Amino acid sequence: TQLLEQSPQFLSIQEGENLTVYCNSSSVFSSLQWYRQEPGEGPVLLVTVVTGGEVKKLKRLTFQFGDARKDSSLHITAAQPGDTGLYLCAGARGGQGNLIFGKGTKLSVKP
Amino acid sequence: DAGVTQSPTHLIKTRGQQVTLRCSPKSGHDTVSWYQQALGQGPQFIFQYYEEEERQRGNFPDRFSGHQFPNYSSELNVNALLLGDSALYLCASSLVSAWGTQYFGPGTRLLVL
Chain A
2 TQLLEQSPQF
12 LSIQEGENLT
22 VYCNSSSVFS
32 SLQWYRQEPG
42 EGPVLLVTVV
52 TGGEVKKLKR
62 LTFQFGDARK
72 DSSLHITAAQ
82 PGDTGLYLCA
92 GARGGQGNLI
102 FGKGTKLSVK
112 P
Chain B
467 DAGVTQSPTH
477 LIKTRGQQVT
487 LRCSPKSGHD
497 TVSWYQQALG
507 QGPQFIFQYY
517 EEEERQRGNF
527 PDRFSGHQFP
537 NYSSELNVNA
547 LLLGDSALYL
557 CASSLVSAWG
567 TQYFGPGTRL
577 LVL
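This is the structure:
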């Protein structure tokens, strides 16, 4: 059983479209991270959210942490080909050092 | 400011052999975690080191062992390699006080034949 479920698993869109990726769990997390990963490379940290209901913006990317700290979403406005990659959410639980990852959402933005 | 570095970048081994992977954390970080990422999957936690001690361990067999040195760098050792150990091995560094925020290195791609 996957502790963090990401959806959709694959997403192929045209440049300029908007999209939302979801990360859901039945467990509470003390913080949640979003990463972007290119093939054969390590994940690059985009954002950390720690407070229930928190919203963070990074240029065209908007991240939200659910009120109950069990879920999160990533919204991209006016997607560009450079946004193509694997988007991973990862949760940390209080007192534990490990990150629990979802399987990722593979995004392809076509020009 | 150098980020997390890992060596080697690629490695090919045969079944039964042993391998050592190395990691240098981001400057100022005191904690190193290791993850295994199989193709098409999210990273899976192997273990975490802080103050040269294994602080937490994931669901991996004893063939996987590690070490942290006084300068905070770390090694991951895998003995008696199996075909299923083929994966991208990722090192992540953080501050023990951080809220789960971990920074990853580029990874080591291990292929076991």
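Order-wise, the sequence lines are chains A and B.
Following this note's numbering, the numbering of the first sequence begins with 2 at its first residue and continues without gaps.
Following this note's numbering, the numbering of the second sequence begins with 467 at its first residue and continues without gaps.
C-beta: ideal position from N, C-alpha, C; glycine also.
This structure is a prediction, so every number in the text was calculated from the model and none was measured.
B:Gln522 has a beta carbon lying within less than 8 angstroms of a beta carbon in chain A. B:Asn525: not part of any beta strand (DSSP E); DSSP gives it neither H nor E. In the displayed model, B:Leu577 falls within a strand according to three-state DSSP.
B:Asp528 counts as exposed, since fewer than 16 other beta carbons sit within 10 angstroms of its beta carbon. Taking a contact as a CB-CB distance under 8 angstroms, the pair B:Tyr538 and B:Pro491 counts as one, their CB atoms being some 5 angstroms apart. According to the DSSP assignment, A:Gln15 belongs to the beta strand (DSSP E) that extends over Phe11 to Gln15.
At least one beta carbon of chain A lies nearer than 8 angstroms to the beta carbon of B:Arg575. Around B:Thr567, the same chain offers Ser560 as residues with beta carbons nearer than 7 angstroms, after the five sequence neighbours per side are excluded.
When C-beta distances to chain A are compared with 9 angstroms, the residues of the stretch 488 to 509 of chain B below that value are Thr497, Ser499, Tyr501, Gln503, Gly506, Gln507, Gly508 and Pro509, in chain order. Taking the beta carbon of A:Phe102 as reference, the chain B residues within 9 angstroms of it are Tyr501, Gln503, Gln507, Gly508, Pro509, Gln510 and Phe511, listed in sequence order. Counting C-beta atoms within 10 angstroms of its own C-beta, B:Phe535 has fewer than 16 neighbours from the protein chains shown and is therefore classed as exposed.
Contact annotation: the stretch 92 to 101 of chain A touches the stretch 510 to 524 of chain B, with at least three C-beta pairs closer than 8 angstroms. Between the beta-carbon of B:Gly532 and that of B:Glu520 there is about 7 angstroms, and that keeps the pair under the 8 angstroms contact cut.
Assignment of B:Gly494 by DSSP, reduced to helix, strand and coil, places it in the coil class. In this structure the stretch 470 to 480 of chain B does not touch the stretch 56 to 76 of chain A; the number of beta carbon pairs closer than 8 angstroms is below three. If you ignore the 5 residues before and after A:Val29, its C-beta comes within less than 8 angstroms of the C-beta of Ala69, Arg70, Lys71 and Arg94, all in its own chain and listed in chain order. Relative to the Cα of B:His495, the nearest Cα in the group B:Phe570, B:Ile478, B:Gly524 and B:Gln503 belongs to B:Phe570.
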